[in-house]
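Structure record follows, encoded as structure tokens.
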Amino acid sequence: MDSIIRYAIHPVPSRIFASAVSIVSTIASTGNTVPHPQATTTTDDTYRALRKSLYQRLVAAPTPDDAPAALTEAQHAIDDRAIPQVIRTACVSFTCFHHINAADFDRAATVLDNAPSDLVAHERFGLDIAYMRAVILNRKGALADAMAILEDVHASAKALGISTTLSRASSLMASLCEVLGDLSRAERLYAETFTLKEDVGDRRGIAVAAFNFALFLDRQGLYDPALEYYHRAADIEESFDDVANLTLTMSHLAVVYARLHRADVAHEKLAATNELLERSAPVLTAVAALVNMATAYSLLNERQQQRVSLLRALEMIERHGVDSHRVNIQLELADLALAEGAADTSELFILESLHLLEHQPDALLEARAQLRRAKLLVRRHQWHEAVSLATNAIQSCARLGALVELGEAVEVLAAIVADVDATPETKAFLRDSLQQYRRLTDERETRRYALLMSRMGAEHERKDAEIERLRTIELAAANARLETMNTELVQLAAEKDEFLAIAAHDLRNPLFEIRAAITTIVHHVHELPPNDVRTICRDVLSAVTRMMATVTTFLAMAQSSSKVSLLAHESVSLTYLAHRAEQRHAARARERNVRLALESDGECWASGDATLIDAILDNLLSNAIKYTATDSVVTIRVRRDGPSVDVIDEGPGVPANEVDKLFTKFPAISTRPADTDESLGLGLYLAQRMAQKMGASITYRPHAEHDGSCFTLQLPAVVDADATPQQ
Numbered sequence: 000m001d002s003i004i005r006y007a008i009h010p011v012p013s014r015i016f017a018s019a020v021s022i023v024s025t026i027a028s029t030g031n032t033v034p035h036p037q038a039t040t041t042t043d044d045t046y047r048a049l050r051k052s053l054y055q056r057l058v059a060a061p062t063p064d065d066a067p068a069a070l071t072e073a074q075h076a077i078d079d080r081a082i083p084q085v086i087r088t089a090c091v092s093f094t095c096f097h098h099i100n101a102a103d104f105d106r107a108a109t110v111l112d113n114a115p116s117d118l119v120a121h122e123r124f125g126l127d128i129a130y131m132r133a134v135i136l137n138r139k140g141a142l143a144d145a146m147a148i149l150e151d152v153h154a155s156a157k158a159l160g161i162s163t164t165l166s167r168a169s170s171l172m173a174s175l176c177e178v179l180g181d182l183s184r185a186e187r188l189y190a191e192t193f194t195l196k197e198d199v200g201d202r203r204g205i206a207v208a209a210f211n212f213a214l215f216l217d218r219q220g221l222y223d224p225a226l227e228y229y230h231r232a233a234d235i236e237e238s239f240d241d242v243a244n245l246t247l248t249m250s251h252l253a254v255v256y257a258r259l260h261r262a263d264v265a266h267e268k269l270a271a272t273n274e275l276l277e278r279s280a281p282v283l284t285a286v287a288a289l290v291n292m293a294t295a296y297s298l299l300n301e302r303q304q305q306r307v308s309l310l311r312a313l314e315m316i317e318r319h320g321v322d323s324h325r326v327n328i329q330l331e332l333a334d335l336a337l338a339e340g341a342a343d344t345s346e347l348f349i350l351e352s353l354h355l356l357e358h359q360p361d362a363l364l365e366a367r368a369q370l371r372r373a374k375l376l377v378r379r380h381q382w383h384e385a386v387s388l389a390t391n392a393i394q395s396c397a398r399l400g401a402l403v404e405l406g407e408a409v410e411v412l413a414a415i416v417a418d419v420d421a422t423p424e425t426k427a428f429l430r431d432s433l434q435q436y437r438r439l440t441d442e443r444e445t446r447r448y449a450l451l452m453s454r455m456g457a458e459h460e461r462k463d464a465e466i467e468r469l470r471t472i473e474l475a476a477a478n479a480r481l482e483t484m485n486t487e488l489v490q491l492a493a494e495k496d497e498f499l500a501i502a503a504h505d506l507r508n509p510l511f512e513i514r515a516a517i518t519t520i521v522h523h524v525h526e527l528p529p530n531d532v533r534t535i536c537r538d539v540l541s542a543v544t545r546m547m548a549t550v551t552t553f554l555a556m557a558q559s560s561s562k563v564s565l566l567a568h569e570s571v572s573l574t575y576l577a578h579r580a581e582q583r584h585a586a587r588a589r590e591r592n593v594r595l596a597l598e599s600d601g602e603c604w605a606s607g608d609a610t611l612i613d614a615i616l617d618n619l620l621s622n623a624i625k626y627t628a629t630d631s632v633v634t635i636r637v638r639r640d641g642p643s644v645d646v647i648d649e650g651p652g653v654p655a656n657e658v659d660k661l662f663t664k665f666p667a668i669s670t671r672p673a674d675t676d677e678s679l680g681l682g683l684y685l686a687q688r689m690a691q692k693m694g695a696s697i698t699y700r701p702h703a704e705h706d707g708s709c710f711t712l713q714l715p716a717v718v719d720a721d722a723t724p725q726q
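Residue numbers (numbering that gives the first Met the number 0): 0 to 726.
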């Protein structure tokens, strides 16, 4: 119902068609109502089917044979209070607009007079019914009465915050102001309607408002901004696959481009319109589009195509029994006949149009009919009556701000004055009309410039708002990153404080031992037997070894923290790295009578950082050598299925209930090393952290073949298998 502006609102036929289609289609789908409390999903589907059927049969594509049955069905729905009010109000609208389209305004008014009291009293539906009453009055030519009702609807909708009704009232009021000659208020109301739709994010409503604003600008000869709003409407309609409204919008674009002598673009839009017509557009849409196509072909001097379009439109309205656009069609046929020299036929079409306008008043169409009759009379040298008709047309077009028709009417009157000895009054009127035309043209250019500046200002504001929005988003993201970094720094500082306290403790004890041992040697060097000196030196060496292990651990921790942003995710050879790790630990293994065995099923490539992989393998091999028994074997197995590296020892293994503690800080593990080496309990924790930084992982499982442990480093595979790895 939001889209009523496109049909039965403004007397201009193209709008008349579009608004009726829109109001009823929106009524048929509106969700801004309270659903019937007893309605189930199945019942809702039934109501939707009923609403769709009646819309199609009464408004979109009515036929004389089916109309009585459809009207009876709609009336039953209106009277049935078990049906939700939104459906009943839609049926009132469908019935009302069916009679409006047939120019039977009395019956349309009777439908509203007999509307059920609960709908009339309803806060929202009552305004909708009042709005439709204003539509009828507008079509009957009672513009002042229509405006009075609309003022009340507008005020009530604004007070209640019903934006859809408010926008419909604004748009129809704009149309009335345009007909009454209050062009400045009309422009404000069209702009208000557009803004209301944008504010609520109603894209379909935005399309309708843009279309109506474009029509207004089009009639004022402001073609550049009119094209902008036509295209905005078309873009939205295309996104919704709204065939009906898109067909109409495309046909108007064809007319504007034809006026601007853009024949190539005009033909493109005509082809698009014709293609849309083949997709079963509603009859009223099709008629309006065909009339516009005829106008475009006329401007392009393609008379045969103009005739085809007009005859298609005329056949369609006669087949469906509707009068919409009949006047426009008659006037276009009159133009065509006059251009072909059939003056009598042209006159018949014009007189028929004037007769129709007696029952369907339309100031602009009447001015167009008078202008065409004036041209015909000029050819017949009936100067006096031609002057009267041209004068009336000029006055009407000036009041309506229809510059195209005004310029044409002034041109006709000027030709008459040039050919005959016109009266002083006629010459004075022509001078005044020329001045008025120039003034209106200047005002149009001023308004065009103002619209351009307004759009530029709005675009600047939009861009500034977007920049500010992006700046706010970036600032929020930066603050979030800073907060995350601060949290990480606090955690890192806490960890380092903890580690430093441990390091201080673990380094202080060996230093005390070293100082005591050296002091003993210094003070008793001549008294100590050589064996005692060697024993003291071995103790010092053991203490130094423990200190080196502590320092190495903290260096690894610092390295793992600093490598976060410096990781090199590259293709590395696990076979090569495992072989290099074996060589680094061979001497220590020999000291403990442990044999290192490297197994591989061929060259194996993985994705990761070679430095971190080295550090992880060093940790796993150091632990394996430390925990395995003398005269045992530590196996390094490189596997392509993964890819992965297994480090297998023959030590005591890890109790099942302690496995979960392996990769934590300072785990309380009952398994002790085979030698006397001590540990901070951070090795596996740091190794797992380094692995995770590469997207890898370390897992533990008991060795299946014999007692011992198997630690597996699982790495990501190389993504591009055809790439040449770099070592």
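Where is the CB? At the ideal position from N, CA and C, for every residue including glycine.
Among the options, the one whose alpha carbon lies nearest that of residue i
i: residue 324; options: 657, 297, 343 and 360; result: 360
i: residue 654; options: 194, 257, 418 and 702; result: 702
i: residue 229; options: 239, 253 and 104; result: 253
i: residue 45; options: 86, 56, 59 and 68; result: 86
i: residue 397; options: 342, 436, 61 and 196; result: 436
i: residue 217; options: 260, 269, 255 and 375; result: 255
i: residue 355; options: 687, 139, 337 and 272; result: 139
i: residue 380; options: 420, 214 and 202; result: 420
i: residue 375; options: 334, 363 and 175; result: 334
i: residue 343; options: 372, 362, 363 and 320; result: 372
Short Cβ contact (8 Å threshold) for residue i with residue j
i: residue 242; j: residue 275; result: yes
i: residue 408; j: residue 377; result: no
i: residue 368; j: residue 404; result: no
i: residue 59; j: residue 282; result: yes
i: residue 370; j: residue 411; result: yes
i: residue 328; j: residue 313; result: yes
i: residue 683; j: residue 661; result: yes
i: residue 185; j: residue 177; result: yes
i: residue 597; j: residue 624; result: no
i: residue 539; j: residue 513; result: yes
Residue i: CB within 7 Å of a non-hydrogen atom of the ligand FMN
i: residue 528; result: This structure lacks the ligand FMN, and indeed carries no ligand of any kind.
Cα-Cα separation, residue i to residue j
i: residue 64; j: residue 406; result: 45 Å
i: residue 649; j: residue 484; result: 43 Å
i: residue 392; j: residue 426; result: 16 Å
i: residue 580; j: residue 543; result: 24 Å
i: residue 593; j: residue 479; result: 52 Å
i: residue 158; j: residue 212; result: 25 Å
i: residue 306; j: residue 263; result: 20 Å
i: residue 604; j: residue 646; result: 17 Å
i: residue 535; j: residue 691; result: 43 Å
i: residue 640; j: residue 612; result: 18 Å
i: residue 706; j: residue 632; result: 12 Å
i: residue 292; j: residue 261; result: 15 Å
i: residue 36; j: residue 273; result: Confidence at residue 36 is low in this model, with a pLDDT of 39, below 50, so its placement is unreliable and no value can be given for it.
i: residue 318; j: residue 62; result: 8 Å
i: residue 106; j: residue 94; result: 9 Å
i: residue 738; j: residue 195; result: Missing from the structure shown is residue 738; the chain here goes from 0 to 726 and no further.
i: residue 257; j: residue 472; result: 46 Å
i: residue 443; j: residue 115; result: 47 Å
i: residue 152; j: residue 362; result: 25 Å
i: residue 620; j: residue 651; result: 15 Å
Where the alpha helix (DSSP H) containing residue i begins and where it ends
i: residue 127; result: 122-139
i: residue 176; result: 162-178
i: residue 349; result: 342-358
i: residue 524; result: Looking at the DSSP string, residue 524 is not in any alpha helix (DSSP H), and its letter there is neither H nor E.
i: residue 85; result: 84-100
Segment limits, beta strand (DSSP E) that includes residue i
i: residue 700; result: 696-701
i: residue 632; result: 632-638
i: residue 607; result: 604-607
i: residue 647; result: 643-647
i: residue 595; result: 594-599
Cβ contact check for the segment 109-121 and the segment 137-156: 3 or more pairs under 8 Å: no
Contact between the segment 682-695 and the segment 708-719 (3+ Cβ pairs under 8 Å): yes
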